[in-house]
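Step one of this worksheet: look at the structure below.
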Amino acid sequence: MSSLHKPILHQYQVSPFAAKVRRCLYYKGIPFDTVNYGLSGVRKIKKINPRAKAPFMVHDGFMIPDSTDIIVYLEKTYPEKRLIPADARLSAQASIIEDWADESLYFFDLTMRSWPNNSALLVEDLLLEDKGVMRKLFQPLIPRIIARQAHGQGMGRKDRDSVCREIEGHFQSIDTLVQESAWLVGEHLSVADIAVASMCTVLDRAEEAQRLMARAPALLEWRERVDALTLPQGTPADQRALV
Ligand SMILES: N[C@@H](CCC(=O)N[C@@H](CS)C(=O)NCC(=O)O)C(=O)O
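Residue numbers (our numbering): 1 to 243.
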């Protein structure tokens with residue numbers, strides 16, 4: 001059952017988790033509004049979402065935290081053009097791949113984008129909504145804040161060669177999965193494709209990851225297929241993480 005009211009996506013615009021939700025909304029053709037936060041918005045976020053994380057969605061009087069739960073909610077509320085496979089086995093595969101993207105690929109993103117050669121673009125992305133004093137305050141701190149998160153998880157403690165070798169292995173695994181099949185799971189686009197493509201889009205903003213992804217031609221073609229269905233038509237390559 002759909003609703004007359006538009007869902008409102010509260011987000012850090014550049015977050016791959018927000019991108020994952022936006023892509024589902026675009027694919028399903030659901031009109032939505034957004035509220036964008038900057039790094040200085042944490043207190044505002046906490047007032048609505050006690051977990052103090054974004055994205056979260058507000059719809060018909062409900063607040064739904066976490067991109068994975070938002071997509072389950074959207075799937076129930078707008079069942080047309082399904083993204084969670086009806087078949088239980090395929091649905092389990094899609095869920096595991098989505099979780100791998102969120103909980104593993106994401107930390108490659110944090111780690112690689114905090115490296116000095118990539119950090120100017122990271123800072124620009126994370127400060128999209130922060131102006132004036134806040135911008136000046138956060139600017140020099142961002143690479144260290146992000147590197148600390150990656151360090152806490154463990155990926156950030158690895159040397160650069162190991163991180164590059166591991167992410168290349170993941171890119172090659174994705175490449176293998178989409179050589180014989182158009183989609184990661186079953187015969188249709190699913191939340192698995194959207195979650196992994198959203199992480200690839202931000203990883204593209206680290207030069208080493210971009211270079212290693214270029215060695216996976218089937219992955220690149222698969223990304224084009226996913227992007228064609230889940231991003232506004234004509235989105236330029238450098239805007240794909242933001243629309
Ligand atoms: N599992 C969550 C992850 C969301 C998440 O980690 N969001 C980050 C931004 S990319 C955040 O809110 N970080 C702020 C913080 O941890 O304080 C989801 O899928 O929505």
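The C-beta atom is built at its ideal place from N, Cα and C for all residues, glycine as well.
Boundaries of the alpha helix (DSSP H) in which residue i is found, first to last residue
i	result
L122	S119 to L126
V58	It is not in any alpha helix (DSSP H) - V58 instead sits in the beta strand (DSSP E) that spans F56 to H59.
T235	Counting along the chain, T235 falls outside any alpha helix (DSSP H), and DSSP gives it neither H nor E.
W183	That residue, W183, is in no alpha helix (DSSP H); it is neither H nor E in DSSP.
P116	No alpha helix (DSSP H) holds P116; DSSP gives it neither H nor E.
Q210	E207 to M213
L242	Looking at the DSSP string, L242 is not in any alpha helix (DSSP H), and its letter there is neither H nor E.
L137	G132 to F138
S198	V191 to L203
N- and C-terminal bounds of the beta strand (DSSP E) containing residue i
i	result
H5	That residue, H5, is in no beta strand (DSSP E); it is neither H nor E in DSSP.
P65	F62 to P65
T111	Counting along the chain, T111 falls outside any beta strand (DSSP E), though it belongs to the alpha helix (DSSP H) covering Y106 to R113.
Alpha-carbon spacing of residue i relative to residue j, whole angstroms
i	j	result
D193	M199	10 Å
T176	V58	38 Å
L184	G29	22 Å
E180	F171	15 Å
R215	C164	13 Å
G156	N118	14 Å
R211	D109	14 Å
I97	L189	13 Å
E124	Y12	13 Å
L242	V42	20 Å
I145	R135	14 Å
E221	V191	18 Å
A94	V226	15 Å
D66	E168	28 Å
E187	R148	40 Å
A237	R223	11 Å
P143	L122	8 Å
D159	N49	36 Å
Secondary structure of residue i, DSSP reduced to three states
i	result
V35	strand
Q11	strand
Q91	For the sequence presented, residue 91 should be read as Ser rather than Gln. Residue state, collapsed to three classes: helix.
V21	helix
A86	coil
I30	coil
W100	helix
H151	helix
D227	helix
P143	helix
Y73	helix
S162	helix
K44	helix
Q172	helix
R51	coil
E129	coil
Minimum Cβ-Cβ distance from residue i to chain C less than 9 Å
i	result
L110	In the structure shown, chain C cannot be found, because there is only a single protein chain.
Contact belief for residue i with residue j at Cβ below 8 Å, rounded distance in angstroms
i	j	result
V202	I174	Rounded, the Cβ-Cβ distance is 15 Å, inconsistent with contact.
H10	F56	5 Å
I71	V21	7 Å
S15	A54	7 Å
ask   = Is the region 197-213 in contact with the region 113-126, if contact means three or more CB pairs nearer than 8 Å?
value = yes
- Task: Count the CB pairs spanning the region 228-239 and the region 145-154 that are closer than 8 Å, and state whether there are at least three.
- Result: no
Inter-stretch contact (C-beta, 8 Å, three-pair minimum) for the region 127-134 and the region 32-49: yes
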